[in-house]
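Protein chains in written order, with full-length UniProt numbering: chain U, 1 to 325; chain P, 1 to 325. Glycine residues also receive a C-beta, built at the ideal position from the N, C-alpha and C atoms. A quick note: this is a predicted structure, and the numbers were derived from the prediction, not measured.
There are 2 protein chains.
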Amino acid sequence: MPTIKDVALKAGVSATTVSRVLNNRGYLSEELKHKVHQAMEELNYRPNELARSLSRSKSNIIGLIIPHVSLPFFGELTSHIEEHAYREGYKLLLCNSWQDKQKEQEYIHMLRASRVDGIIMGSHTLEVEAYRQMNLPLVTFDRQISPDIPYVCSDNYEGGKLATTLLIQKGCRHLAHIGGHPKLNILSHLRCVAFEDMAKQHNLEYVTLHTDNNSFDFEAYEQLLGQLFAEHPEVDGIFAGSDIIAAYALKACRTRGRRVPEDVKIVGYDGIMLRSLLDPPITTIRQPMEAIGKLAVDLILQQVQGHSVAAAHILPVELEEGATT
Amino acid sequence: MPTIKDVALKAGVSATTVSRVLNNRGYLSEELKHKVHQAMEELNYRPNELARSLSRSKSNIIGLIIPHVSLPFFGELTSHIEEHAYREGYKLLLCNSWQDKQKEQEYIHMLRASRVDGIIMGSHTLEVEAYRQMNLPLVTFDRQISPDIPYVCSDNYEGGKLATTLLIQKGCRHLAHIGGHPKLNILSHLRCVAFEDMAKQHNLEYVTLHTDNNSFDFEAYEQLLGQLFAEHPEVDGIFAGSDIIAAYALKACRTRGRRVPEDVKIVGYDGIMLRSLLDPPITTIRQPMEAIGKLAVDLILQQVQGHSVAAAHILPVELEEGATT
DNA sequence: TTGTACGCGTTATCAT
DNA sequence: ATGATAACGCGTACAA
Chain U
1 MPTIKDVALK AGVSATTVSR VLNNRGYLSE ELKHKVHQAM EELNYRPNEL ARSLSRSKSN
61 IIGLIIPHVS LPFFGELTSH IEEHAYREGY KLLLCNSWQD KQKEQEYIHM LRASRVDGII
121 MGSHTLEVEA YRQMNLPLVT FDRQISPDIP YVCSDNYEGG KLATTLLIQK GCRHLAHIGG
181 HPKLNILSHL RCVAFEDMAK QHNLEYVTLH TDNNSFDFEA YEQLLGQLFA EHPEVDGIFA
241 GSDIIAAYAL KACRTRGRRV PEDVKIVGYD GIMLRSLLDP PITTIRQPME AIGKLAVDLI
301 LQQVQGHSVA AAHILPVELE EGATT
Chain P
1 MPTIKDVALK AGVSATTVSR VLNNRGYLSE ELKHKVHQAM EELNYRPNEL ARSLSRSKSN
61 IIGLIIPHVS LPFFGELTSH IEEHAYREGY KLLLCNSWQD KQKEQEYIHM LRASRVDGII
121 MGSHTLEVEA YRQMNLPLVT FDRQISPDIP YVCSDNYEGG KLATTLLIQK GCRHLAHIGG
181 HPKLNILSHL RCVAFEDMAK QHNLEYVTLH TDNNSFDFEA YEQLLGQLFA EHPEVDGIFA
241 GSDIIAAYAL KACRTRGRRV PEDVKIVGYD GIMLRSLLDP PITTIRQPME AIGKLAVDLI
301 LQQVQGHSVA AAHILPVELE EGATT
């Protein structure tokens with residue numbers, strides 16, 4: 001691969017000048033620019049980003065740690081993050097933590113060693129101290145780690161409220177919520193809290209079930225739904241913590257001969273694109289994923305530029321009615 | 001951030017010695033090792049990978065270019081690739097090309113500039129020349145670019161054969177295939193070829209439809225299915241080019257009152273995990289995604305090590321019967 | 001067994 | 001306006 005020196009030699013100038021042309025610094029005659037650009041063309045020269053990063057102490061890389069890219073929600077989020085990062089001249093280093101404590105820690109070390117400019121965390125199994133120690137621009141999803149670490153999330157409480165209210169309005173009297181593990185500080189647990197608040201407020205019976213781990217295990221969802229229908233056959237309204245869970249709920253209803261929405265109504269959460277291939281289309285609470293992804297990137301960039309940013313970034317959700325309510 | 005010099009100073013040795021400890025080169029007394037390690041601990045030192053990469057002319061980064069991570073197939077593949085790359089000490093730089101020619105080209109430039117050690121391409125809109133020019137270890141999916149560029153794919157022909165044969169065995173007499181655009185050299189088109197071969201061999205009527213672009217447009221699938229049922233109401237067996245398309249076929253059947261599998265039978269392709277939330281579970285041709293991901297990474301690593309690798313890597317598929325046949 | 005000196009490719013500082 | 005020189009942090013001959 002040709003270096004800046006090769007270009008300099010070919011153009012008959014010094015490496016410094018080539019660097020100036022490259023970065024548009026200082027005063028450069030058009031003729032000189034042209035000469036240098038031509039030499040670059042001829043050599044098919046690309047500046048070595050590793051050397052640039054080292055010299056500038058800035059890699060223009062953002063690290064992304066999420067449980068699994070293969071999950072629709074994270075896949076879509078990743079897509080948006082990558083899109084905006086690229087637009088801003090940043091690259092994305094992808095890390096699947098599998099929601100595993102050790103992997104998460106190793107990835108953090110690795111990203112620090114790679115001198116990424118910031119980390120977007122969609123996976124959180126570690127203690128607060130582990131996050132503070134890394135001393136890097138950071139943004140998290142759906143988790144408030146400490147007052148000084150910015151987080152982005154959808155309006156989980158409002159979403160839970162919208163979903164539950166809809167079920168009640170449509171005549172459901174025996175409500176159920178199925179969600180992930182209510183780990184401390186996981187903001188998505190607010191969906192569950194809103195659900196319970198609404199149910200109580202209307203004096204309705206309700207049950208809440210949740211997976212006992214963070215592994216996003218599909219089989220666990222199936223089991224949970226089996227348990228729900230076995231123990232609470234009277235349930236006629238389900239608020240699922242994600243569209244995936246809602247899809248399993250739909251399947252479970254059909255398996256057991258419960259008609260949807262006549263006998264049981266279902267509302268999901270997220271608004272993943274793949275819901276369009278479900279039949280009937282599920283009613284859901286849509287998160288503004290693109291905005292979330294863009295904001296996460298922007299919050300990193302602002303920190304990189306030395307600005308301090310607010311901690312809470314709660315984005316509005318939207319009820320999208322399908323045919324399961 | 002502390003540098004190797006800080007560690008050297010603290011441990012009372014030279015930077016060279018620290019580097020030796022870091023890389024386990026040469027003869028080092030246990031005592032010395034211990035001393036250095038301790039200094040590293042105390043300073044929370046992490047070697048700067050940028051500097052290492054520059055010095056060694058090796059970044060330990062693999063670039064991955066795919067159309068969309070948010071599509072289940074690519075999401076799962078990405079997950080496996082990341083997993084194996086990480087295990088081998090490599091990082092993954094993610095690029096969503098949106099199947100866009102210009103983005104793809106820009107990403108290739110960007111990855112070259114970043115001095116990635118190799119590129120895994122799951123997106124291909126460019127001409128052969130563009131690939132040759134990059135002069136980097138390369139592996140592609142489902143596309144034979146030129147005889148010297150290794151590719152990995154599932155046994156597309158065999159998969160198409162299995163799917164079609166099953167439909168025929170189950171009594172289908174009017175077959176249809178819906179797949180992506182049959183662009184030159186796209187190996188997945190072999191699924192379609194096998195379909196046609198089998199249909200002809202059994203003297204059965206058949207139609208093949210395909211999207212007219214590469215955009216993986218969900219709406220296009222819906223339209224295509226509408227067209228299929230409008231123009232060919234007699235169709236009783238559908239071989240879909242992907243599980244996503246199969247899901248839309250299922251939905252289209254239900255919308256039109258066609259019972260599955262009684263009136264129409266459906267077979268998909270890929271074997272994405274999310275098919276488990278479809279109801280009924282679709283019959284599909286499962287690609288060994290994990291093996292594909294691992295092989296792609298290994299083929300890059302072998303090239304990095306200077307070994308030449310075979311061009312064709314065709315992995316076996318498996319018929320997995322669900323309830324749509 | 002350990003240290004010195006130089007190179008990796010680029011940017012920044014200081015001259016000219 | 002342009003060039004020489006020193007850094008950025010690390011690896012590696014070569015020397016001792």
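For residue 304(U), no Cβ of chain P is located within less than 9 Å of the residue's own Cβ.
According to the DSSP assignment, residue 189(P) belongs to the alpha helix (DSSP H) that extends over 189-201. With contacts defined by Cβ atoms closer than 9 Å, residue 54(U) and residue 50(P) form a contacting pair. One finds 113 in chain U with Cβ atoms closer than 8 Å to the Cβ of residue 47(P), taken in chain order. Within the region 75-86 of chain P, the residues whose Cβ lies closer than 8 Å to some Cβ of chain U are 75, 76, 78, 79, 82, 83 and 86, listed in chain order. For residue 139(U), the number of other beta carbons within 10 angstroms of its own is at least 16, and it is reported as buried. Per DSSP, reduced to three states, the secondary structure at residue 325(P) is coil, with no helix or strand assignment. Against chain U, the CB of residue 24(P) has no partner CB under 9 Å away; the residue lies outside that interface. Around the beta carbon of residue 5(U), a 10 Å sphere encloses fewer than 16 other beta carbons of the protein chains shown; the residue is thus reported as exposed. Around the beta-carbon of residue 80(P), 16 or more other beta-carbon atoms lie within 10 Å, marking it buried. Nearest to residue 175(P) by C-alpha distance, out of 166(P), 66(P), 144(P) and 301(P), is 166(P). In this structure residue 199(U) is buried. Its beta-carbon is surrounded by 16 or more other beta-carbon atoms within 10 angstroms. Secondary structure within the region 209-246 of chain P: the beta strand (DSSP E) runs of 3 or more consecutive residues, fully enclosed, are 237-240 (chain order). By the neighbour-count criterion, in which 16 or more other beta carbons inside 10 Å mark a residue as buried, residue 155(P) falls on the buried side. Contact with chain P is found for residue 278(U), since one of that chain's Cβ atoms lies less than 9 Å from the residue's Cβ.
Taking 8 Å as the cut-off between beta carbons, the residues of the region 124-136 of chain U near chain P are 133, in sequence order.
Looking at the backbone, the Cα of residue 193(U) and that of residue 325(P) are separated by about 43 Å. Residue 195(P) is positioned such that its CB atom lies no closer than 9 Å to that of residue 211(P). As far as DSSP is concerned, residue 276(P) takes part in no beta bridge. Taking a C-beta distance under 9 Å as the contact criterion, residue 297(U) and residue 84(U) qualify as a contact pair.
The alpha helix (DSSP H) runs of length 4 or more contained entirely in the region 4-64 of chain P are, from start to end of the chain, 4-11, 15-23, 30-43 and 49-56. For the pair residue 268(P) and residue 255(P), the CB atoms are not nearer than the 9 Å cut-off. From the listed residues 160(U), 311(U), 264(U) and 120(U), the smallest Cα separation to residue 97(U) is found for 120(U). Under the Cβ criterion of 9 Å, residue 37(U) is not counted among the residues facing chain P. Taking C-alpha positions only, residue 312(P) is separated from residue 123(P) by approximately 17 Å.
Per DSSP, the unbroken beta strand (DSSP E) holding residue 267(P) starts and ends at 265-270. Inclusion of residue 107(U) and residue 60(U) in the CB contact set at 9 Å is not warranted, their separation being larger than that value. Within chain P, the residues whose beta carbon sits less than 8 Å from that of residue 254(U) are 279, listed in sequence order. The distance from the Cβ of residue 273(U) to that of residue 82(U) is about 16 Å, inconsistent with a contact at the 8 Å cut-off. Bounds of the alpha helix (DSSP H) holding residue 132(U) are 128-134. Not one beta carbon of chain U lies nearer than 9 Å to the beta carbon of residue 149(P).
For residue 178(P) and residue 197(P), the gap between their C-alpha atoms comes out near 15 Å. As the crow flies, the alpha-carbon of residue 218(U) is around 32 Å from that of residue 300(P).
Boundaries of the alpha helix (DSSP H) harbouring residue 77(P): 72-87, taken from the DSSP string.
By the criterion of a C-beta distance shorter than 8 Å, residue 100(P) is surrounded in its chain by 125, once the five residues flanking it on both sides are discounted. Listed as beta-bridge partners of residue 313(U) by DSSP are 152(U).
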